[in-house]
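In what follows, a structure is listed as structure tokens, so that the remarks can point back to it.
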Amino acid sequence: MRGDVRVHTASPIAAAWLLAVGLVAHAEEPPTVALTVPAAALLPDGALGESIVRGRRYLSDTPAQLPDFVGNGLACRHCHPGRDGEVGTEANAAPFVGVVGRFPQYSARHGRLITLEQRIGDCFERSLNGRALALDHPALIDMLAYMSWLSQGVPVGAVVAGHGIPTLTLEREPDGVHGEALYQARCLACHGADGSGTLDADGRYLFPPLWGPRSFNTGAGMNRQATAAGFIKHKMPLGADDSLSDEEAWDVAGFVLTHPRPLFQEPTGD
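Taken in order, the sequence shown gives residues -27 to -1, 1 to 243; the numbers are from mature numbering (1 follows the signal peptide of the UniProt record, and there is no 0).
Have a look at this one:
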């Protein structure tokens, strides 16, 4: 195995420097690069390679690997899917490729610059309905190592094609009746009539719960209509990307989000 990967960390000084550079650069548009996933054979040897492998495991099997920090049944891979055993490598599903070079970045939710470590903490508190890991927690360092490995070769500040989750907004309220009919026809087989998901033989969620106590809480990005509709439009049903119309995705999201879920305790800024 070969490769040279550096784990990116951030500091307030670095954040201020990047902000200053951005102001001087006359707001030039960052370059867009293709989403490219490194081959597993290029994992570096030694301690760094082992850290990358552990990071992948934490992101793939989060509840089992980090039970003290996860409060529901979701794993990071449920919102950040990947192929061929990787996590966070699919376009339009918040891929991790290139993410280390886009932080620190401004967060409207927090009203300030945040680091990638803080953004991961948000996901644990909201999408996983748990609590953030300490900034020096070994598991967090391993997850950053994995994201850095995926991001190798991507210029700092570059936009990777298919980054984030494209939001979808229509100028009408969701049609819950239509959304329910679509859910029963296209979603129920995997996510269940009661939205509770499907467990595999080991008790892990093969298909995640979409509402109820084991799903994401009200502070999660996926609890926003435009985000949920965009994810459904581009990634659902599984294996049939972009098969739903905008109207269908909008109504399915509206139906899903009418159901109860855990309450986020500090929804300031959402």
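Every residue, glycine too, gets a C-beta built ideally from N, C-alpha and C.
Assigned secondary structure, residue 92 (DSSP; H/G/I helix, E/B strand, else coil):
helix
Going by the beta-carbon positions, is the gap between residue 177 and residue 119 smaller than 7 Å?
no
Tell me, to the nearest whole angstrom, how far the beta carbon of residue 113 is from that of residue 90; I am working on the premise that it is less than 8 Å.
6 Å
Could you say which of 109, 213, 48, 169 lies nearest to residue 182 if we only look at CA atoms?
169
So, are the CB atoms of residue 64 and residue 208 less than 7 Å apart?
no
Looking at the structure shown, is residue 180 part of a helix, part of a strand, or coil, going by DSSP?
strand
Please classify residue 7: is it buried, with 16 or more other beta-carbons within 10 angstroms of its beta-carbon, or exposed?
exposed
With which residues is residue 87 paired in a DSSP beta bridge?
78
Using 10 angstroms around the beta-carbon of residue 232, count the other beta-carbons present and answer buried if the total reaches 16, otherwise exposed.
exposed
Taking buried to mean at least 16 other C-beta atoms within 10 Å of its own C-beta, is residue 162 buried or exposed?
exposed
Determine the extent of the alpha helix (DSSP H) in which residue 52 is found, giving its start and end residues.
49 to 52
Residues near residue 200 by beta carbon distance below 8 Å, same chain, minus five either side:
138, 140, 194
Which of the three DSSP states is assigned to residue 6 in this structure?
strand
CA-CA distance, residue 167 and residue 229?
10 Å
Using DSSP's beta-bridge definition, name the partner residues of residue 172.
178
By the three-class DSSP mapping on this structure, what secondary structure does residue 132 have?
strand
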